[in-house]
Amino acid sequence: MSEKGRKKKYNNLTKTNLYLEQETLDIFKEAVRITNELRGDESMTLSIIIRNLLKQRAPILLQQLKDKKENLTSKSVEVAQVEAVVQSENNQSEWANFFGETK
């Protein structure tokens with residue numbers, strides 16, 4: 069069976085509901101208007117502008133979140149290591165006291 073019509077520009081688009089504050093929507097609409105004025109046509113749509121913004125910024129945001137999580141995890145490990153050292157020193161003191169030794 070042969071394909072009819074033009075080839076799809078985007079093969080993996082998924083429709084989703086997205087709630088935006090009116091102020092944010094107004095900003096995007098203004099961006100569309102200005103972009104179309106600069107291009108001299110009406111080819112840019114709200115969907116294209118939002119899709120391009122998310123495509124560019126989402127990976128950056130995700131990486132920032134991963135870095136933050138990694139930093140928190142490594143800090144948690146460091147804190148646990150310090151607590152283990154402190155606990156070990158406390159245990160040694162308790163054993164020294166138990167045997168009548170002084171540290």
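Numbering of the sequence shown is given in the working numbering, commencing with residue 69 and proceeding in unit increments.
Ideal Cβ positions, reconstructed from N, Cα and C, are used throughout, including at glycine.
SER115 carries a helical assignment under DSSP once its states are collapsed to helix, strand and coil. Assigned with DSSP and collapsed to three states, THR141 falls in helix. The Cβ-Cβ distance between LEU114 and VAL100 falls below 8 Å.
No Cβ-Cβ contact shorter than 8 Å links PHE96 with ILE116. Within the same chain, no residue comes within 8 Å of LYS143 by CB-CB distance, once the 5 residues on both sides are set aside. In this structure, the straight-line span from the alpha carbon of GLU151 to that of GLN131 is close to 30 Å. Secondary structure note for THR84: it is in no alpha helix (DSSP H), with a DSSP letter that is neither H nor E. In the three-state scheme derived from DSSP, where H, G and I count as helix and E and B as strand, GLU110 is classed as coil.
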